[in-house]
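Colleague:
2 protein chains.
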Amino acid sequence: MCEQAAEQNGQQTSWLEEIKWNQDGLIPAIAQDHKTGKVLMVAWMNAEALQLTVTEQRAIYWSRSRQKLWRKGEESGHVQQLHDLRLDCDSDVILMQVEQLGGIACHTGREHCFYKSLKNGEWVAAEPVLKDPNVIYDK
Amino acid sequence: MCEQAAEQNGQQTSWLEEIKWNQDGLIPAIAQDHKTGKVLMVAWMNAEALQLTVTEQRAIYWSRSRQKLWRKGEESGHVQQLHDLRLDCDSDVILMQVEQLGGIACHTGREHCFYKSLKNGEWVAAEPVLKDPNVIYDK
């Protein structure tokens, strides 16, 4: 790679280099509904996922369990279109404002993932399943 | 400890045992303003911090850098009073609805921590400092 190309590459990726990745090269990313403000979910991104999220203007995560890129909505159709991207003061958490296509962010078929509420010392499901996951994922 | 006491103790802490703590025994916790929906900050909790958060109805984190409990607002007065506590589908992220006393969540003196916005390939501070941190922390 020539020096000029290296400089260009450095310029293009410098915003990624400012991020404090964890020991596994990942950063947690929060997806928030840009209209309702509801916190939909949290997942992980590596540098490639974050770069692609910005380039394609949709949430693309890194699946730790599958060890591969996870284009949110690739199976369910529940794509998260990006409206805004923020980084926190310590540069180790991402916050996205998104439009949640289909109105379902959670793999359980709920609007969002934070449906377990602590009531009298027990976690109880406080929100309804909007769509059967077997239908969502065509099992 | 007698069996009865052990059972009682088991009952009291079972909701903590359902949480998937990471390899360091921590879980990330999101604080969201219960009125505006603004995501204020993300920090870590261990089991003791989460138990105390519920008991005292205010956000209490675990400071990884200081390796001790961090009663949010203990120095700044910017206490986060708890209104609701949720757990996500994978039981590895906490979401709190809080009332942010003083209207400042970030140690930089801003309303919240997610003030860095990606503009033309650079992170820029998109929100004002409401109060000088030197004044907040009486340095």
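Heads up: the protein sequence lines correspond to chains A and B, in order. The numbering of the first sequence is numbering that gives the first Met the number 0, which starts it at 0 and goes up by one. The numbering of the second sequence is numbering that gives the first Met the number 0, which starts it at 0 and goes up by one. Cβ coordinates follow ideal geometry from the N, Cα and C atoms, glycine included.
Here's a check: name, in chain order, each residue in its chain whose Cβ is nearer than 7 Å to the Cβ of B/D131, leaving out the five neighbours to either side.
Modeller: Hits under 7 Å: G108.
Colleague: Which full runs of the alpha helix (DSSP H) of 4+ residues lie inside the stretch 97–125 of chain A, going along the chain?
Modeller: none
Colleague: Given a threshold of 16 other Cβ atoms within 10 Å of its Cβ, counted over all protein chains shown, does A/Y201 qualify as buried or as exposed?
Modeller: Shown here, chain A extends from 0 to 138; a query on residue 201 of chain A therefore has no answer.
Colleague: Counting only beta-carbon atoms, is B/L94 nearer than 7 Å to chain A?
Modeller: yes
Colleague: Mapping the DSSP letters down to three states, classify B/P127 as helix, strand or coil.
Modeller: coil
Colleague: Near A/K19, what residues of its chain come up, given a Cβ to Cβ distance below 7 Å and the 5 sequence neighbours on each side ignored?
Modeller: D89, S90 and D91
Colleague: Please check if any C-beta of chain B sits within less than 7 Å of the C-beta of A/R85.
Modeller: Chain B, which has a Cβ nearer than 7 Å to the Cβ of A/R85, makes this yes.
Colleague: Could you check the C-alpha separation between A/H77 and B/E74 for me, to the nearest Å?
Modeller: 43 Å
Colleague: Comparing C-alpha positions only, which one of A/Q99, A/Y136, A/A104 and A/N133 sits nearest to A/E126?
Modeller: Considering only alpha carbons, the answer is A/A104.
Colleague: For chain A, find out if any of its Cβ atoms is closer than 7 Å to the Cβ of B/V123; answer yes or no.
Modeller: No - not a single Cβ of chain A is within 7 Å of the one on B/V123.
Colleague: Going along the chain, which residues of its own chain have a beta-carbon closer than 6 Å to the beta-carbon of A/G157, five neighbours each way excluded?
Modeller: The structure shown does not extend to residue 157 of chain A, since chain A is modelled only from 0 through 138, so no value can be given for it.
Colleague: Among the residues of its own chain, which have a CB less than 7 Å from the CB of A/L15, if the five just before and after it don't count?
Modeller: A46, L49 and Q50
Colleague: Of all the beta strand (DSSP E) runs that stay within the bounds of the stretch 14–52 of chain B, which reach a length of 3 or more residues?
Modeller: Whole beta strand (DSSP E) segments, 3+ residues: 26–32 and 38–44.
Colleague: For A/S62, return the contacting residues in chain B, with the cut-off set at a CB-CB distance below 8 Å.
Modeller: Under the 8 Å cutoff, chain B gives no residues; its nearest Cβ is about 12 Å from A/S62.
Colleague: At a CB-CB cut-off below 7 Å, which residues of chain A make contact with B/T54?
Modeller: Near B/T54 there are no residues of chain A at all, since even the closest Cβ is about 11 Å away, more than 7 Å.
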